């Protein structure tokens, strides 16, 4: 390195006592010190943030929250190292994602062009990440177990015909198509209400939880199904969420999970009513339950038909026997009736002439009495008529007038019977035996007790 000298009035400093680096030289010196100070690379742990792919390379920040704020380390995973780590990640079913806790190995590197210290990742400890996931899961499980929430949803009754299903899935994925196609192939009329959600990434937890909570409020669903396809272990950790687990446990509708992983069970599986291995198996469980109900119904119907046929045959036989008995008894009764009728005809034939003779005699006597009786009746009636005529004649007004009686009428022709019927100046017409007399009332006088 060079140290140029300048002509100033003050003393020129010793060139070797205070060396000055160019920026490039300083960057090389920093990297040299980093390589010698951290010989063989170093291990560092933290949480992945701001993960992004740029071409074949991957970049992210490794962060740690502390009392003094957030510590950040920029990490570069270049294509060669990325290809070398791919089999390891596949073996342990891991995929680098934001929020994932990792322990990685690499070298510190000062990037002169950007003026930043970075970390070139070369290796990864999968057991650290798996252990972190397991530890987080175990803590959630301990809390749920202590509160007795693991069996809450299992106690919810499942409809024998779960046709109305709420589905929480990422529509368009293979998991969704596998589930839907399996139901369609069954030929059963399932009615699906679908909530299209993210099943991985930062938004997955809240979206899945909200979808289950919405379905839980409905009263027209027989079951809720939560499905997703297979994936990395840390991606499936979304379903280890305590928030999702508590929503499932509190759900009044049975929840079935088909989360697509053959090895591990998520916390969601543990609290669900029924946990299946795959979305297809989840659909199969719904189909099997419905077909079992259909089979039991058909069997019950066949049993009813069989028993009905037996009962009908027995009733037909009983009716036939009863009809034969009735026919036999009717035939016998008719024969006895015929005999009694013949006997009565014989008796009638024998007693008829005598009864007829007696009737003729009674008729003759009645005729004689009838001829005698009108004369007596006529005589008695004439006698009573003469008596009545005499009585009527005695009451004839003409006879009474001839004897000296009179009848007085007012001008209107009404018979005067009392002085109360008359007033002064009223006109009176008095009928005598030989004519009438017209007079005018000048005064009336009531008869009292002193009058003779």
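In the working numbering, the protein residues as written are -3 to 448. Backbone N, C-alpha and C define an ideal beta-carbon position, used for all residues, glycine too. Computed from a predicted structure; not experimentally measured.
- In the three-state DSSP reduction, residue 16 falls in the coil class, being neither helix nor strand.
- Cβ-Cβ distances below 8 Å link residue 66 to 59, 60 in the same chain, with the five nearest sequence neighbours on each side left out; the list follows chain order.
- Residue 220 places its beta carbon less than 8 Å from that of residue 211.
- For residue 136, the closest alpha carbon among the candidates 383, 300, 242 is that of 242.
- In this structure, DSSP gives residue 268 a state outside helix and strand, which the three-state scheme calls coil.
- The alpha-carbon of residue 320 is positioned some 21 Å away from that of residue 306.
- Counting only the Cα atoms, residue 394 lies some 28 Å from residue 419.
- When the five nearest sequence neighbours on each side are left out, the beta carbons in the same chain lying within less than 6 Å of the beta carbon of residue 27 are those of 106, in order along the chain.
- Scanning its chain for C-beta atoms nearer than 6 Å, with the 5 sequence neighbours on each side dropped, one finds around residue 74 the residues 53, in chain order.
- Going by C-alpha positions, residue 255 is about 15 Å away from residue 208.
- For residue 373, the enclosing alpha helix (DSSP H) stretches over residues 275 to 390.
- The Cβ neighbour count for residue 315, taken over all protein chains shown within 10 Å, is under 16; the residue is labelled exposed.
- Assignment of residue 155 by DSSP, reduced to helix, strand and coil, places it in the coil class.
- Only residues of its own chain outside the window of five on either side were considered, and among them 160, 161, 162, 189, 211, 249 have a CB closer than 8 Å to the CB of residue 217, listed in chain order.
- DSSP, read as helix, strand or coil, puts residue 396 in helix.
- Counting other Cβ atoms within 10 Å of its Cβ, residue 326 stays below 16 and is therefore classed as exposed.
- Per DSSP, the unbroken alpha helix (DSSP H) holding residue 182 starts and ends at 170 to 182.
- DSSP, read as helix, strand or coil, puts residue 218 in coil.
- From the listed residues 34, 118, 173, the smallest Cα separation to residue 274 is found for 173.
- Proximity of the stretch 34 to 45 to the stretch 93 to 111 meets the contact definition, three or more beta-carbon pairs being nearer than 8 Å.
- Within the same chain, Cβ atoms closer than 8 Å to the Cβ of residue 265 are found at 235, 253, 255, 271, the five residues on either side in sequence being excluded.
- A distance below 6 Å between beta-carbons, with the five flanking residues on each side excluded, links residue 114 to the following residues of its chain, in chain order: 70, 72, 105, 107.
- In the structure shown, residue 143 adopts coil according to DSSP, grouped into three states.
- With contacts defined as CB atoms closer than 8 Å, residue 157 and residue 289 qualify as a contacting pair.
- Excluding its 5 nearest sequence neighbours in each direction, residue 425 has C-beta neighbours in its own chain below 6 Å: 405, 432, 434, listed in chain order.
- By the criterion of a C-beta distance shorter than 7 Å, residue 125 is surrounded in its chain by 90, 96, 97, 98, 230, once the five residues flanking it on both sides are discounted.
- Under the criterion of beta carbons closer than 8 Å, residue 421 and residue 436 qualify as touching, at roughly 6 Å.
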